[in-house]
Ligand SMILES: [Zn+2]
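Residue numbers (our numbering): 596 to 1060.
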């Protein structure tokens, strides 16, 4: 990792307010951003909303709303949802932001003048929900492989195309050279195989849509929403000095967006002679009680609902421990409750109560300095993007300390022997708190307050539910 790090999440499509499925990605990216900040890196962390395109135009119109009013509302609600999770971003970017529109215009012109954009008439099978043309393995029966109940329509347009195919060789070499460009490994293989099957030029503008960024020098077309949206990362980075060779650029996104991010985005950047991202991390999906999260099933849960019911620390811990890092996972309120009670209330919470009670009784003090770095294991797991293993490791340490207090019957000990045992426990627990900072910043801070030179007994850190 370089000294400067740009961390991004996908920007969410402003057709509806985000749900718990989107929330995982924000917490994941936030955890990395916090980790790198603690390591002393300069971090710029961006999230936001993707606000153009035919679908948004349609939804706003069908609700009888002005389009801009509608996206203002959704974007504002998204921000509240993300804030409720304790996510600390540096910019909330919106594709309707003026500076973003200017950057998109500039990049279009550079690529056009280079000869990588041309106009042609095109007929293809189009998914109205994806807002994109589908070919080959993306088609299942009459539908696209994501929207299996929505029929593809035959669509003819004159569009501008990006010469994606000209970057076939560049991308193949790029993938060979950067074996960790796409993570996890199975996703890298999937994308590399797709690439090797051959990429075709792609339409990057739309006719008959008003809601979007107008194609420079051609008012009859708007820029395709994907082309516009991908550039948000560059807008946020370049405006703050986080898009250069001294910056490591990490994109977090869901597996449905991987093809655009890992294959189209580097080609656009290469065409414009700009730095390409370093890591594209794709995660899988969250299901609820065995079902896909969807409006039609009516099982949408907003992050703020869970935070209210369970507390933000408990939700962050649960998502980061059980989240869909490399496979879809099923969550339920029952499971959140279980993890809250076992790992947090009975595990960490109980440990802090027991140890501080013993310490306070004898006015024990500990003058050794507070730790200044993460445990080696924690660093190793962060390096491998395995936050699940990281929390597993920290949980083992908590269990070890609880067991130690139990085995030694610490509450029965006195004098020198008790002091010696407490010295050990306090040092270990302080390290646990340090390691927990990116995951549960408030809790880590509370422990730090209570385990200073003077040890303070107080209120339980977690509620048993
Ligand atoms: Zn689709």
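We put the CB at the ideal spot given by N, CA and C, even for glycine. None of the values given here were measured: they were computed from a predicted structure.
Taking 7 angstroms as the cut-off, is the C-beta of residue i nearer than that to any heavy atom in ligand 1?
i: residue 896; result: no
i: residue 797; result: no
i: residue 741; result: yes
i: residue 1020; result: no
i: residue 722; result: yes
i: residue 985; result: no
i: residue 725; result: yes
Since I believe residue j is in contact with residue i (beta carbons under 8 angstroms), could you give me their beta-carbon distance rounded to a whole number of angstroms?
i: residue 951; j: residue 1022; result: Contact doesn't hold; Cβ gap of about 15 angstroms is too wide.
i: residue 622; j: residue 684; result: Between residue 684 and residue 622 the Cβ distance is about 12 angstroms, and since that is not below 8 angstroms, they are no contact.
i: residue 643; j: residue 688; result: 4 angstroms
i: residue 915; j: residue 877; result: About 17 angstroms separates the two Cβ atoms, so there is no contact after all.
i: residue 841; j: residue 597; result: 5 angstroms
i: residue 936; j: residue 1060; result: 6 angstroms
i: residue 670; j: residue 609; result: 6 angstroms
i: residue 857; j: residue 711; result: At roughly 19 angstroms, the Cβ-Cβ gap does not stay under 8 angstroms, so residue 857 and residue 711 are not in contact.
i: residue 1135; j: residue 756; result: The chain is shown only over 596 to 1060; residue 1135 falls outside these bounds and no answer can be derived.
i: residue 624; j: residue 676; result: So it is not a contact: roughly 14 angstroms between Cβ atoms.
i: residue 875; j: residue 777; result: 5 angstroms
i: residue 804; j: residue 652; result: 6 angstroms
Can you give me the Cβ contacts of residue i inside the same chain, cut-off strictly under 6 angstroms, excluding the 5 residues immediately before and after it?
i: residue 716; result: 753
i: residue 832; result: 601, 838
i: residue 901; result: 910
i: residue 700; result: 811
i: residue 844; result: 601, 872, 873
i: residue 552; result: Outside the displayed span of the chain (596 to 1060) sits residue 552, for which this structure offers no information.
i: residue 620; result: 604, 847
i: residue 864; result: 871
i: residue 631; result: 600, 638
i: residue 943; result: 993
So, for residue i: in the same chain, excluding its five sequence neighbours on each side, which residues have a beta-carbon less than 8 angstroms away from its beta-carbon?
i: residue 661; result: 655
i: residue 917; result: 924, 926, 930, 934, 983
i: residue 725; result: 739, 741, 742
i: residue 1044; result: 1051
i: residue 941; result: 1059
i: residue 802; result: 752, 753, 754, 815, 816
i: residue 829; result: 698, 702, 838, 864, 869
Who are the near neighbours of residue i in its chain, counting only those whose CB is closer than 7 angstroms to its CB and skipping five residues on each side?
i: residue 908; result: 1035, 1037, 1038
i: residue 707; result: none
i: residue 647; result: 690, 806, 807, 808, 820, 823
i: residue 722; result: 729, 739, 742, 745, 747
i: residue 760; result: 794, 795, 796
i: residue 1016; result: 1003, 1005, 1008
i: residue 1031; result: 989, 1038, 1039
i: residue 737; result: 746, 747
For residue i, verify whether its CB is less than 7 angstroms away from any heavy atom of ligand 2.
i: residue 707; result: The model depicted lacks ligand 2 and carries ligand 1 instead.
Practice problem: Please list the segments of the alpha helix (DSSP H) lying wholly inside the segment 795-853, counting only runs of 4 or more residues, in order along the chain. | Solution: Qualifying alpha helix (DSSP H) stretches, in chain order: 820-833.
Quiz prompt | Within the segment 646-720, ranges of the alpha helix (DSSP H) (whole runs, at least 4 residues) | solution = The segment 646-720 contains, as complete alpha helix (DSSP H) runs of 4+ residues, the segments 649-657, 662-679, 693-709 (chain order).
Quiz prompt | Every unbroken alpha helix (DSSP H) inside the segment 960-1006 [4 residues or more] | solution = If we require 4 residues or more, the alpha helix (DSSP H) runs fully inside the segment 960-1006 come out as 971-978, 982-1003.
Exercise. Just list the beta strand (DSSP E) runs in the segment 891-928, keeping only unbroken ones of 3 residues or longer that don't cross its boundaries, in chain order.
Key: Every beta strand (DSSP E) stretch that sits fully inside the segment 891-928 and reaches 3 residues is listed by chain position as 924-926.
Quiz item: At what residue ranges does the segment 736-790 contain a whole run of the beta strand (DSSP E), taking only runs of 3 or more?
Solution: List check, beta strand (DSSP E) in window: 748-757.
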